[in-house]
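Trainee:
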Amino acid sequence: MTDYANLQSSDLYPTSGDFCDWHYGVHGSYCYTMEIGTAFHQHPDDIAHIAVRNLGVAFYMAEIADNPRERADLDLANITKNQKLQTPSKVNIPESGPIPIEMCVSDQFNIDFKHENSHIMYRMVKPSRMQSDYGPAQWHTTEWNHVGFEKVEGVDCELLYGAGNGSLIRAEVPVSDSETGLLHYKAMVSTLGGTKKVPYPTDSSYEVLNIDYRAPYGGAFTSLALFGIIAAMVWGGLGVCLRLMLNDEQTLAAGQIAEEHASKEAGS
């Protein structure tokens, strides 16, 4: 990005590192020093073009920065391993509306509920008879969508491995009632302390939930209206056919009478 080499400052001249040590000890933060320029005490005009080129680095670092100290503490306490994402067999699919997918998180995991940091990733796919048997790679072109979590107030959940109770969070995945296929989903959760996007399932795979057709086939009023239309068409058509048959019989009878009358007149 900057064409600068990533190396220790002590490789250039003697340094103590006290500034970074102070940041870590007092604030628990991590320090990264970036020096620009070609000499000490340069005039601002001499480094203006260099500063502009390096200005984005600080913003980029702040955007992607994680918290390795907190992540290590969470892993040492098995907090991330004790949390669990709801499996497909336990997902309650409602008759209509979005599908709720839940997750049990530890109270020591200070979750960040911002949509971009903690969310359910999902996608709907429809297997076809023409697809190959190469496994999950066949879906690599299908994009993932995101939906955020919300805490379920007043409801506790049981963590894995007997680790006690945790907090229940839920994401409402928008799936149309008329949509069918397979719902792929997985979770990414982050903390307010900076630990970013811990994946569930932990092996970077995803869960698969079968979705059946849920849209109603019609209410009582529409069913009666449809029955009335069909009955009117059937019975009305039958009535028209009977009327045509009777008219034909009357026409034939009248024709026979006329023929008999004409033959009698011809014989006389």
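Converting from the sequence shown to this note's numbering requires adding 81 to each position, the first position being numbered 1.
Beta carbons are placed, not taken as given, at the ideal position from N, Cα and C, and that holds for glycine.
In this text the structure is predicted, and so the values were computed from the model without any measurement.
Would you check if there are 3 or more beta carbon pairs closer than 8 angstroms linking the stretch 89-105 to the stretch 117-127?
Mentor: No contact exists between the stretch 89-105 and the stretch 117-127.
Trainee: Under DSSP, the alpha helix (DSSP H) around Glu151 begins and ends at which residues?
Mentor: Here residue 151 refers to the residue found at position 70 when the sequence shown is read from its first residue. 149-157 is the extent of the alpha helix (DSSP H) around Glu151.
Trainee: Skipping 5 residues on each side, what residues in its chain have a beta carbon closer than 8 angstroms to that of Asn159?
Mentor: Here residue 159 is taken as the residue at index 78 of the sequence shown, counted from 1. The residues are Tyr242, Ala244.
Trainee: How do the stretch 310-323 and the stretch 274-293 stand: do at least 3 beta-carbon pairs fall below 8 angstroms, yes or no?
Mentor: Verdict: no, contact absent.
Trainee: Is there contact between the stretch 255-272 and the stretch 292-299, where contact requires at least three CB pairs shorter than 8 angstroms?
Mentor: The stretch 255-272 is in contact with the stretch 292-299.
Trainee: Checking 8 angstroms against the spacing of the C-beta atoms, do Ile250 and Glu231 come in under that value?
Mentor: Sequence index remark: in the sequence shown, residue 250 carries index 169 (1-based). Sequence index remark: in the sequence shown, residue 231 carries index 150 (1-based). A contact, by the Cβ cut-off of 8 angstroms.
Trainee: Less than 8 angstroms between the beta carbons of Val172 and Leu290, yes or no?
Mentor: Along the sequence shown, one-based indexing puts residue 172 at 91. Along the sequence shown, one-based indexing puts residue 290 at 209. Yes. Within cutoff.
Trainee: Is the CB-CB distance between Cys185 and Glu151 below 8 angstroms?
Mentor: Within the sequence shown, numbered from 1, the residue matching residue 185 stands at position 104. Within the sequence shown, numbered from 1, the residue matching residue 151 stands at position 70. In this structure, Glu151 does not lie closer than 8 angstroms to Cys185 by Cβ.
Trainee: Rounded to a whole number of angstroms, what is the C-alpha to C-alpha distance between Glu176 and Leu305?
Mentor: The residue labelled residue 176 in the question sits at position 95 within the sequence shown. The residue labelled residue 305 in the question sits at position 224 within the sequence shown. In a straight line, the C-alpha of Glu176 is about 23 angstroms away from that of Leu305.
Trainee: How would you label Gly247, buried or exposed, when you count the other beta carbons within 10 angstroms and need 16 or more for buried?
Mentor: Sequence index remark: in the sequence shown, residue 247 carries index 166 (1-based). Gly247 comes out buried.
Trainee: Considering only the alpha carbon of each residue, which of Asn135, Val228, Ser110, Met205 lies closest to Ala86?
Mentor: Taking the first residue of the sequence shown as position 1, residue 86 is located at position 5. Considering only alpha carbons, the answer is Asn135.
Trainee: Just mark Leu166 as buried or exposed, buried being the case when its beta carbon has 16 or more other beta carbons within 10 Å.
Mentor: Within the sequence shown, the letter at position 85 stands for residue 166. Leu166 should be labelled buried.
Trainee: What would DSSP say about Asn246, mapped onto helix, strand or coil?
Mentor: Position 165 of the sequence shown, counting from 1, holds the residue named residue 246. Three-state DSSP puts Asn246 in a strand.
Trainee: Assuming Ser199 and Gly178 are in contact, meaning their beta carbons sit under 8 angstroms apart, how far apart are those beta carbons, in whole angstroms?
Mentor: Numbered from its first residue, the sequence shown carries residue 199 at position 118. Numbered from its first residue, the sequence shown carries residue 178 at position 97. Between Gly178 and Ser199 the Cβ distance is about 22 angstroms, and since that is not below 8 angstroms, they are no contact.
Trainee: Among Phe194, Gly109, Leu307, which residue has its Cα nearest to the Cα of Lys277?
Mentor: Translated into positions along the sequence shown, residue 277 becomes position 196. Looking at the Cα atoms, Phe194 is the closest of the given residues.
Trainee: Among Tyr113, Phe308, Gln219, Val233, whose alpha-carbon lies nearest the alpha-carbon of Leu88?
Mentor: The count along the sequence shown starts at 1 and reaches residue 88 at position 7. Nearest of Tyr113, Phe308, Gln219, Val233 to Leu88, Cα basis: Tyr113.
Trainee: Fully enclosed by the stretch 87-147, which alpha helix (DSSP H) runs are 4 residues long or longer?
Mentor: Counting only runs of 4 or more, we get 99-108, 125-145.
Trainee: What residues are listed by DSSP as bridge partners for Cys322?
Mentor: The residue you call residue 322 lines up with position 241 of the sequence shown. Paired residues: none, contrary to the question.
Trainee: How many whole angstroms separate the CB atoms of Glu350 and Arg204, which I take to be in contact at a CB cut-off of 8 angstroms?
Mentor: For the chain, the structure presents residues 82 to 349; residue 350 sits outside this window and is missing.
Trainee: Within 10 angstroms of its Cβ, does Asn226 collect 16 or more other Cβ (buried), or is it exposed?
Mentor: The count along the sequence shown starts at 1 and reaches residue 226 at position 145. It is exposed - the Cβ of Asn226 has fewer than 16 other Cβ atoms within 10 Å.
Trainee: In whole angstroms, give me the CA-to-CA distance for Ser271 and Glu197.
Mentor: The count along the sequence shown starts at 1 and reaches residue 271 at position 190. The count along the sequence shown starts at 1 and reaches residue 197 at position 116. Their Cα atoms are separated by approximately 9 angstroms.
Trainee: List the endpoints of the continuous alpha helix (DSSP H) containing Ile160.
Mentor: Numbered from 1 along the sequence shown, position 79 holds the residue referred to as residue 160. Start and end: 160-163.
Trainee: Run through the DSSP bridge pairs and tell me what His200 is partnered with.
Mentor: Within the sequence shown, residue 200 is the residue found at index 119, counting from 1. According to DSSP, His200 bridges with Gly229, Met269.
Trainee: Suppose you measure from the CA of Tyr141 to the CA of Thr222; what does that come to, to the nearest Å?
Mentor: Numbered from its first residue, the sequence shown carries residue 141 at position 60. Numbered from its first residue, the sequence shown carries residue 222 at position 141. The alpha-carbon atoms of Tyr141 and Thr222 are separated by roughly 28 angstroms.
Trainee: Hey, how far is the Cα of Phe190 from the Cα of Val107?
Mentor: Locating residue 190 in the sequence shown gives position 109, counting from the first residue. Locating residue 107 in the sequence shown gives position 26, counting from the first residue. Taking the straight line from one Cα to the other gives about 22 angstroms.
Trainee: Let me check one thing: in DSSP terms, what residues is Asp237 bridge-paired to?
Mentor: Here the question's residue 237 lines up with position 156 in the sequence shown. Bridge partners of Asp237: Ser248.
Trainee: Out of Leu307, Ile117, Ala143, Tyr287, state which residue places its alpha-carbon closest to the alpha-carbon of Ala132.
Mentor: On the sequence shown, position 51 is the one that residue 132 refers to. When each option's Cα is compared against that of Ala132, the closest is Ile117.
Trainee: Taking the straight line between their C-alpha atoms, what separation do you get for Val164 and Phe100?
Mentor: Locating residue 164 in the sequence shown gives position 83, counting from the first residue. Locating residue 100 in the sequence shown gives position 19, counting from the first residue. According to the sequence as given, residue 164 is Gln; it is not Val. Going from the Cα of Gln164 to the Cα of Phe100 covers about 37 angstroms.
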